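Protein chains in written order, with the numbering used here: chain A, 1 to 379; chain B, 1 to 379; chain C, 1 to 277; chain D, 1 to 277; chain E, 1 to 68; chain F, 1 to 68; chain G, 1 to 175; chain H, 1 to 175.
Before any comments, here is the structure.
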Amino acid sequence: MARRMLLSGNEAIVYGALDAGCRFYAGYPITPSSEIMHLMAKEMPRVGGVFIQAEDELAAINMVIGASWGGLKSMTATSGPGLSLMQEGIGYAVMTETPLVIVDVMRTGPATGQATKPAQGDLMQARWGRHGDQYLVVLAAQDPQEAYDLVIEAFNIAEELRTPVILLIDEFIGHGREVVVVGKDVVIKNRRLPPPSGEWMPFDSEDPRQASPMPLLGKGYYVLVTGSTHNEYGYRDVHSFETHYRLVKRIKEKIIGNLDKMPKPIVLGKPDDAETAIVCFGSVCRSAREAFYKLRERGFRMVFVRLRTLWPLDYDHLSRILDNVEAVIVPELSLGQLIHDVREAVDTSTRVIGVNKVGGGLPIYPSEIIKVVKEACRK
Amino acid sequence: MARRMLLSGNEAIVYGALDAGCRFYAGYPITPSSEIMHLMAKEMPRVGGVFIQAEDELAAINMVIGASWGGLKSMTATSGPGLSLMQEGIGYAVMTETPLVIVDVMRTGPATGQATKPAQGDLMQARWGRHGDQYLVVLAAQDPQEAYDLVIEAFNIAEELRTPVILLIDEFIGHGREVVVVGKDVVIKNRRLPPPSGEWMPFDSEDPRQASPMPLLGKGYYVLVTGSTHNEYGYRDVHSFETHYRLVKRIKEKIIGNLDKMPKPIVLGKPDDAETAIVCFGSVCRSAREAFYKLRERGFRMVFVRLRTLWPLDYDHLSRILDNVEAVIVPELSLGQLIHDVREAVDTSTRVIGVNKVGGGLPIYPSEIIKVVKEACRK
Amino acid sequence: MSMPIHPSRRYLREETLPTAFCPGCYNGIVMNALFQAFKEMGVEDLRDYVFVSGIGCSSWIPSPYIKADSIHTLHGRAIPVATGVKLSRPELNVVVIAGDGDLASIGGNHLLHAARRNMDLVVVMINNLVYGMTRGQLAPTTPRGMKTITTPYGNPENPFDVARLLGYTEANYVARWCVCNYIQLKNSFKEVFTRIKRGFRFIEVYAPCITYVVRREKKSPGEKLKELMRRCIPLKKYYSLLDNERGDKIPIGVYKAEDKPGFLENYRAYIRKAMEG
Amino acid sequence: MSMPIHPSRRYLREETLPTAFCPGCYNGIVMNALFQAFKEMGVEDLRDYVFVSGIGCSSWIPSPYIKADSIHTLHGRAIPVATGVKLSRPELNVVVIAGDGDLASIGGNHLLHAARRNMDLVVVMINNLVYGMTRGQLAPTTPRGMKTITTPYGNPENPFDVARLLGYTEANYVARWCVCNYIQLKNSFKEVFTRIKRGFRFIEVYAPCITYVVRREKKSPGEKLKELMRRCIPLKKYYSLLDNERGDKIPIGVYKAEDKPGFLENYRAYIRKAMEG
Amino acid sequence: MVDYRVFVDSQLCKGCGICVEVCPRGVLELSRLSPRTGYMNPELVGKCIGCRLCMWFCPDFAIVVEGV
Amino acid sequence: MVDYRVFVDSQLCKGCGICVEVCPRGVLELSRLSPRTGYMNPELVGKCIGCRLCMWFCPDFAIVVEGV
Amino acid sequence: MASIAFLGRGGQGIVFAATITAETLFNLGYYVAQLQSYGAEVRGGSVLAHIVYDNKTIENPFIEQYDLAIVLHEAGLKRWIKHLEKSKTIIVDKDLVKTRMDNMVTAPIIENVAREKLSGSENIVAVGIAMQLLLGREAIAVAKSILEKRSSPEKNIKALELGTTIALNLGINMA
Amino acid sequence: MASIAFLGRGGQGIVFAATITAETLFNLGYYVAQLQSYGAEVRGGSVLAHIVYDNKTIENPFIEQYDLAIVLHEAGLKRWIKHLEKSKTIIVDKDLVKTRMDNMVTAPIIENVAREKLSGSENIVAVGIAMQLLLGREAIAVAKSILEKRSSPEKNIKALELGTTIALNLGINMA
Ligand SMILES: Cc1ncc(C[n+]2csc(CCOP(=O)(O)OP(=O)(O)O)c2C)c(N)n1
Ligand SMILES: Cc1ncc(C[n+]2csc(CCOP(=O)(O)OP(=O)(O)O)c2C)c(N)n1
Ligand code: SF4
Ligand code: SF4
Ligand code: SF4
Ligand code: SF4
Ligand code: SF4
Ligand code: SF4
Ligand SMILES: [Mg+2]
Ligand SMILES: [Mg+2]
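See the structure below:
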């Protein structure tokens, strides 16, 4: 039953996760994500789930992995420094096809940086922070409502594709409080279990876009889970090219081949007609959208693209939208990361202009984006 | 005095580092980088330097940071899983402008993967593996000789720009033995120390392309080193936009503004005249170059680009080289990472084709590249 | 008369044999003792057991050899993964088997905190005195003065006496046996699955690496076993000796055996409080 | 008559005062004791000292307040950074000051191994029973049953008695004082800089967080100090009591004081061997 | 017998009251409002014996005790 | 009195010699070359008392002792 | 769409003031967005919290000026000076804020708080001022019912009423 | 440019054989590149090591066939079958290798090793065969001087000579 609540993004994450069926939380406190932990600490025991404060982030992510194999929908939340420490574990989850959700409430980095201030500088890390060929899903919400919605999506994708999903929000969203509608009739996807008997493969599937069913421990499947290269039954095979290539290609394909399962970008305006585009993600979209509307009112021919799935990224789709524009404005609360994607999607002759601002807890204001668009159009 | 030796890439790294003046090594064993540690364990005490086996990679990178501030040229070596664990420390080194060198002997990932097999899948991680806005230098060698040469370069750049430098090699290079000329007359750059008295700023410089001198501990400078946002004197300032933005912009500029100080790409063939290009880095270049020569002999109009600096990347330069080609072949011992850069540097109409092979310890053979080039030209 | 079936094989994945361990590697002896314990306990198969290991030779014992659910984790992370498994599935017996490097070096923090929490796990640490898998480097357990490939002039560091230290934590059960103490080791395994069934139960098995310790001493695996039998003495006796009388003796025995509620029971009580109020 | 200069201020960066600590936060008292020790030792300025801290309220003591070289590291990494500093500059006194969470939770592994190596560092752990900086979450030192924001129904975990455990390692010096034991604390600081100048020297300071512990007990900082004075008893006495007699007592005193060579001396001997052979 | 004066730095004092509570003579009182900081500062209201407990235990380096 | 037979699995035996050295009766000898593995396997060359030390200490599950 | 900002020093309960205000507005049926900016320490440093409210969904809460700002301490002011310059009405504490601008009105907040022995509740006084000025008695009644469920309800409700009185004495009309 | 490969099972010292061969070639003045592929365990599994040598810098050591390959165990064979098919000459141990191909020549390596009580030195026998076949006595002499500085020089030198003898008995001419 839908209810309106006044929630911070961090609180919305907790309610969303619990609504999605999350029953295990392990974490380590860190600003500005701690309120997720605080509310989980309060709510999880009440629903009979498990909450544990780990000794560090390495422990947290690995406990989550263990609990996920134990059969519970599991998550953790952290911020940049914690995410850095979790990288090895995340890569293990990719390799072992372990469903789990990680919420990263982004703060101003690098290093300790400005711990209480928002930023969007973990985008590339979320995609690429681990060694080796690994692909996972990265989503980003723009406000508490979407944090609630997307954390449910994150669990659904995680369970359906047996993959870790990273949900990015930032301090603005995490600490900002807004009206959130919770408990809507959302689709909850539960884990696909293997047949009780008969042939099946825990680590392969005919269709590389489908994850194989995930066995439950303690049921006599004699599961072999390993972060080493393994064959379809989980047996380590650290020599063969074929086994490795098949495995990593399949895991990649499972992610990039399922673009249709991921939250779609929101596109405003008419691509065909546009001279200028704004491409953005996360909290910045709110200023950017205001700028877009104002500019359109003033006669600027524009298209606005708000990405909600940052990995896998549909470069082709983006290319098509941006095909005709002369300039793309990419506002980011960082020195520029999404801008690399945009450049990848457009020709070298298209001007790609970053609006980059980070630090001090300042947002990018609509006026700042408007100014850049105007300048870009003058040329 | 120049000497010819038969060395593995791992051994060459050690001799190069010692020749560059490295006097502190902390590490944790991991295949296929361990031989760097083994030889360091033997040689470092002999030159009166410090070798310590840390309890884990987190300790290793942080010991290296401490020793660098203590005044010694310092390094560690690892492979993917260790690099994942070092990410937070590396970000701290970026933020505190701590010179140090990390050698990553890449193996087949993700996770434990195929521990004894080569790969090139840590490229993106080397650049982006940490949270926040951080920029550092990533170099890649193609063989033991270049491993020797570039580790010296890595120390020079690290000291001159006060930055961590990651040198990527792979298992082929690390364990492969070849003839290496060591002890050539190489330029060694030593740390710039501050004036004994007078005004100076340990964490700022007029010219953002220059690092400020690095104070030595124990000399009465009363240095304040912090991974939080700090002003020019090291005082924490975790509120102001200006301080943060100035700091991270400067650190970025120090890296991307110094492309001229980085090892240049090797370009073979005539860009203007070429229809097809090969862009590559690391051990793969050796097969790729053979393919290039063979194809050229057979009349293909080609250009060959071997990148030795992978970050900062000179996108403009690459764009110019690739301006006229119709297809770019990007062979990688991974599912494709450098290919994103190439796509960023070319128009969407240019065909960018990855030759991706990873696992089982197999190299990409010249014949495989030749086949792809031929196919690309047929179209 | 055809070859009778070795009693250990009931608990092994047939298709994985022979193991990839070096000839003579003591890991197999630990397996025999464990399996004999299971047999004597009347355990038909291991479907109620989950084995969790790290990275290292000893971590291969469960993965892939033991026929049971097993999770072969990252280097050093067996205990947190096992914790996650146990907390999500309290009805399963969760057993960690890993090396001294894995558990006490890179994984030291988790070991410490799991012991503090008296987490309901059985942890078996194979102390082979070195990093076997990566070719014989220094481990935190390597004796002073021993030459390894990373201490070519003789280890200058103090070794970590893991069982002794854990004896001072909140763990319920802590013991050390040498691989030569086959019967005691087997009985100790039975103890932690039958008599003390909760809390943190830690068994260190002293079992020097054949390739990087024993062979370097120019000893055969059998000779070394016999040497070890001579060197093992009960820990009470060992600790009553003066430092200089201890020589090369190895203290074996049970440091601690209690039956306090483990983390899980405390957490259950906690949940009850949450649900009530 | 104008205000005389507070003796601590010689060792402080003037421009950083007042500190950002909460009113009444005991961190400042630890600073007074440390500075008084320096003064009594005749230390004019701190140019031969390097302070290394982690992340947490207590880690702010050196950074930015103490007028000395200081490295404010990542959360949990003070000890490895300090180790790097010490090994590269043996002539400097390297002092770590950090919190219980920083040193014993996320940094627990480094603490353990530095103690094992008897690394030549002075480590001061401010045990405020919680994570102060991040707003009062559970720390590994939080007593059983205490409510924190992450244990809203009362901590179900066993607390980590850090000093006691380190007493069983190779560390040269291990002591615990309460912040109310000003003189002993000050003397303990003098001890580790003058009498025992090598090896791993660890001082735990029991100093409950004003904002997240004391205020929640509805006590004032001064009241709590007086309560603590009542509760502290010498550790010999404490450990002679039965568990149920111990009540709320806090054991204080020196767990261990030896003067064995530290890592550095052992490493120097190691280097000599390398150079000779 | 020496007389002692207690100096309070009103820029540093945060009004925590520790000095008042640890003073064995009870001669300090938190009664002076610092207009700069908004905190109440202690004042000497009786005879100080110079034990310096207030000075040691003041966490803000705000009290100095001196004989006159 | 029971007689004991010692079975050796030549696919599993790695010729480490442990069984030979731990046998209290010294009745095993490493003398049979396994053509499949290239390792020397043990053989019973005297009277076995069925103590099963060889079986326990064989790290490769290669020996089984059985009364006949 | 309307907006309110509270500014002050860490420890003055600025975020709590915003929280109560946001909840009041929420209970009154508005769409609300509350944002704040504060330091790692919470202790010391400046804190700003603002609330945007409207009858429809808030598209963008990142605003550059406020309809009403209440400033309780000088410390909070400089960082946000540009925002304040563009704001409509700013109420500043007459004692703890030294800066003066054209759009500023001084109020004897701290003075009254001290007199009424409500120290520590200056934030709720600010809530009272804001609610009274922008929405009148109905909002005050809702705020009261919210404060009743929190700790120290009596003290806070007194503070809220003090705020109402101060607001009425200011003689400003925001409507 | 010429190339030699050694194949076998982990534990047979394949990498060491390649190392000694590479050093021999290096001491003879060649440019050399040595590459190997083995398992995590070193124990068990297959191992292949190859050496490319030339009078000039080795541009590319990643080759797809060998001038000479010596195979000491069946285990090493399957993974590299394509390379072997394209190779010129392959010497296989007559007992431990079952596969037969046109370019293969069998040699009684293990048999002789066992007879001469040189077990564990089959790798050096292989070095002897390779050096003798490709470069003759001069290379053998250099290899000897290298082995002299390593552990168990006597046994290894005997093995090297055994290799020479086996090579001569094969009656192949590689030049
Ligand atoms: C993060 C990481 N660092 C290093 C390694 C390399 N590594 C694999 S096993 C191992 C040590 C094994 O030693 P131990 O745990 O004692 O097990 P053993 O092989 O001795 O049984 C190391 C360092 C790794 N796999 N991952
Ligand atoms: C990797 C990482 N994880 C988490 C944090 C957040 N964090 C900062 S301080 C702290 C705990 C502080 O507690 P303690 O060390 O006891 O110091 P105190 O503030 O209590 O003095 C935490 C969890 C961080 N900065 N980095
Ligand atoms: S290296 Fe040591 S521990 Fe590993 S399998 Fe061989 S003998 Fe056993
Ligand atoms: S939160 Fe606690 S430890 Fe931190 S400054 Fe405040 S009183 Fe001190
Ligand atoms: S010195 Fe002693 S007696 Fe004097 S005011 Fe301070 S505490 Fe009281
Ligand atoms: S102890 Fe210090 S800070 Fe506290 S009230 Fe007294 S003088 Fe002020
Ligand atoms: S059972 Fe005992 S006596 Fe018989 S062969 Fe084995 S060890 Fe020897
Ligand atoms: S102990 Fe086992 S493996 Fe070793 S020789 Fe005897 S039977 Fe063979
Ligand atoms: Mg080991
Ligand atoms: Mg603390």
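Beta carbons are placed, not taken as given, at the ideal position from N, Cα and C, and that holds for glycine.
Quick caveat: nothing in here was measured; it's all calculated off a predicted structure.
- Under the three-state reduction of DSSP, Phe155 (chain A) is assigned to helix.
- By the CB criterion at 8 Å, Val138 (chain A) and Ala126 (chain A) fall inside the cutoff.
- Ligand 9 approaches Ala139 (chain C) closely enough that one of its heavy atoms is under 7 Å from the residue's Cβ.
- Among the CB atoms of chain H, one or more fall inside 8 Å of the CB of Ser287 (chain B).
- With 16 or more other Cβ atoms from the protein chains shown falling within 10 Å of its own Cβ, Ile52 (chain A) counts as buried.
- Between Leu74 (chain C) and Glu88 (chain A), the gap from beta carbon to beta carbon is short of 8 Å.
- When 7 Å is used as the limit between beta carbons, Phe241 (chain A) is near these residues of chain B: Gly359, Gly360 and Leu362, in chain order.
- The beta-bridge partner set that DSSP reports for Tyr206 (chain C) consists of C:Asn127 and C:Cys178.
- A heavy atom of ligand 6 is found nearer than 7 Å to the CB of Lys14 (chain E).
- With its beta carbon at least 8 Å from every one in chain C, Tyr15 (chain A) lies outside the interface.
- According to DSSP, residue pairing for Trp311 (chain A) in a beta bridge involves A:Val138.
- At least one heavy atom of ligand 4 lies less than 7 Å from the C-beta of Cys57 (chain D).
- Put simply, the CB of Ile52 (chain B) is near chain D, with a gap under 8 Å to one of its CB atoms.
- Residue nearest to Lys88 (chain H) within the set H:Val105, H:Asn55, H:Ser37 and H:Asn156 is H:Val105 (criterion: CA-CA distance).
- Within the stretch 162-177 of chain B, Phe172, His175, Gly176 and Arg177 place their CB atoms closer than 7 Å to a CB of chain H, listed in sequence order.
- The closest CA to that of Leu162 (chain H), considering only H:Glu59, H:Ser152 and H:Ala114, is found on H:Ala114.
- If you ignore the 5 residues before and after Glu170 (chain C), its C-beta comes within less than 7 Å of the C-beta of Ala115, Arg116 and Asn118, all in its own chain and listed in chain order.
- In the structure shown, the three-state DSSP call for Asp185 (chain B) is coil.
- For Gly154 (chain D), a Cβ of chain C is located within less than 8 Å of the residue's own Cβ.
- For Met302 (chain A), the closest of A:Ala77, A:Glu326, A:Thr276 and A:Ala115 by C-alpha to C-alpha distance is A:Thr276.
- For the stretch 7-24 of chain G, no residue has a beta-carbon sitting nearer than 9 Å to a beta-carbon of chain B.
- Flagged as an interface residue toward chain F: Thr19 (chain C), by a C-beta distance shorter than 8 Å.
- At least one CB of chain D lies nearer than 8 Å to the CB of Glu55 (chain A).
- Under DSSP, Val94 (chain D) takes part in a beta bridge, and its partners are D:Val50.
- The residue from B:Ser287, B:Gly82 and B:Thr76 with its alpha-carbon nearest to that of Cys22 (chain B) is B:Thr76.
- A distance below 6 Å between beta-carbons, with the five flanking residues on each side excluded, links Met262 (chain B) to the following residues of its chain, in chain order: Thr309.
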